[in-house]
Amino acid sequence: MSTSDVSAPRGPARERDSSRVSAPARRLARAVVTEQPLDVAEHAAAVEDAAAGAVVTFGGVVRDHDHGVGVARLEYSAHPTAGRVVEEVAREVLAAHPVDALAVSHRTGALEVGDVAFAVAVSAAHRREAFAACEVVVEEVKARLPVWKHQLLSDGGDEWVGMP
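Counting from 1, position 109 in the sequence shown corresponds to residue 109 in this note's numbering; the numbering is continuous, with no gaps.
See below:
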């Protein structure tokens, strides 16, 4: 787990929010790729901050279908750099958005339908900032994270998703 403060960036993201008493903390509460089960509520608790009026969460959950085919379970494999990529995305978002704290994790290994595969939580003074930062984290991690999904299908077949 990575925990640290990120200094405020230069430019528009550094402008003072007149509704705040202090500048956004921009704290990285968690940025990991792990085989351990994920809990979205735990991510939300990790980003709590007295200055935060909003906590936005996202839970990417294993569903029972993909493109009209039944999915029984899946397995995620990750490149050894995956943890570094998650942390890079998190730090970029912290630098660009006026948020107080951010936590992001992605699962690897075997997952069942209903398991959380991807968890994100962002706290900020206002909902707009929290929603915007959460969306960027989700989209950037999905675009850049070197993970591959092996779907084990309900009919006994299988397929790989995200392979180069």
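All C-beta atoms, glycine included, are put in the ideal place defined by N, C-alpha and C. Since we're looking at a predicted model, the values are computed, not measured.
- With a cut-off of 8 Å on Cβ pairs, the segment 100-113 is in contact with the segment 30-39, counting three or more such pairs.
- By the CB criterion at 8 Å, G109 and E88 fall outside the cutoff.
- Look at L153 here: in three-state DSSP terms it is strand.
- Comparing alpha carbon positions, the residue from V147, S77, A46 closest to A101 is A46.
- The three-state reading of DSSP puts E139 in helix, counting H, G and I together.
- For A132, the three-state secondary structure derived from DSSP is helix.
- Contact between R20 and A50 does not hold, since their C-beta atoms are separated by about 11 Å, which reaches or exceeds 8 Å.
- Judged by DSSP in its simplified three-state form, L28 adopts strand.
- With a beta-carbon spacing of about 4 Å, A130 and V56 fall inside the 8 Å limit used to define contacts.
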